[in-house]
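Asks: Count the sequence shown with numbering that gives the first Met the number 0 and you get residues 0 to 127, in order. Structure in structure tokens, see below.
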Amino acid sequence: MLAQLTEKTKGVLYFSESEYPLTVEDWGVVPAGELTARIAALNSVSADLLKDVPEETFFRNIITAADPGDRVIVENAQRFQALQQWLKSNLADVRITRVETGTSIPVYITGHLEDGTCIALTTTAIES
């Protein structure tokens, strides 16, 4: 699964005021109820600085914001759409969490395999 997901994310960039790749991480077994605490701990922040974004909203914003005249952005949006479908087909409890601590915002896309293993895609949004 990790190899498939790594292949799906190859060349995919998260565009904000900058662009960042997606990194695939295996977090081992992390129950869904402990995910917020895990993300907060990774960023040394309190849980109230985390913001969940509905999965559909997150991906729709990326896909529909693509300027049809910009081939690179359109192709990237298409890769995000394919990634969303892969996540829906292979992971349970897909969740997007932003750590809103300033202009450099860590973004986590997480989901669980059948055995409880948590898979995370990490990236960064730059917003001033």
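Backbone N, C-alpha and C fix where the C-beta goes; we use that ideal spot for every residue, glycine too.
Hey, how far is the Cα of residue 72 from the Cα of residue 61?
Replies: Their Cα atoms are separated by approximately 9 Å.
Asks: Whose C-beta lies closer than 8 Å to the C-beta of residue 34 among residues of the same chain, with five residues either side of it excluded?
Replies: These residues qualify, in order along the chain: 94, 96, 109, 117.
Asks: According to the neighbour-count rule (16 or more other Cβ atoms, all chains shown, within 10 Å of its Cβ), is residue 87 buried or exposed?
Replies: Counting Cβ neighbours within 10 Å, residue 87 comes out exposed, since fewer than 16 surround it.
Asks: Going by DSSP, what residue range makes up the beta strand (DSSP E) through residue 124?
Replies: Per DSSP, residue 124 belongs to the beta strand (DSSP E) from 116-125.
Asks: Decide if the stretch 45-63 is in contact with the stretch 74-87; the criterion is three or more beta carbon pairs, one per stretch, under 8 Å apart.
Replies: Short answer: they touch.
Asks: Helix, strand or coil, according to DSSP, for residue 44 in the structure here?
Replies: Of the three classes helix, strand and coil, the one that applies to residue 44 here is coil, per DSSP.
Asks: Check residue 64 in the structure and name its three-state DSSP category.
Replies: Three-state DSSP puts residue 64 in coil, outside helix and strand.
Asks: Report the rounded CA-to-CA distance for residue 2 versus residue 24, giving the unit in angstroms.
Replies: Going from the Cα of residue 2 to the Cα of residue 24 covers about 11 Å.
Asks: Can the beta-carbon of residue 38 be found less than 7 Å from the beta-carbon of residue 49?
Replies: The answer is yes: Cβ separation under 7 Å.
Asks: By the DSSP assignment, the beta strand (DSSP E) with residue 9 in it spans what residues?
Replies: Taken as a continuous stretch (DSSP letters only), residue 9 belongs to no beta strand (DSSP E), as it is neither H nor E.
Asks: Determine whether the beta carbon atoms of residue 15 and residue 126 lie at a separation below 7 Å.
Replies: Closer than 7 Å, so yes.
Asks: Going by C-alpha to C-alpha distance, which of 12, 11, 42, 10 sits closest to residue 101?
Replies: It is 42.
Asks: Using DSSP with H/G/I as helix, E/B as strand and the rest coil, what is residue 101?
Replies: Reduced to three states, the DSSP call for residue 101 is coil.
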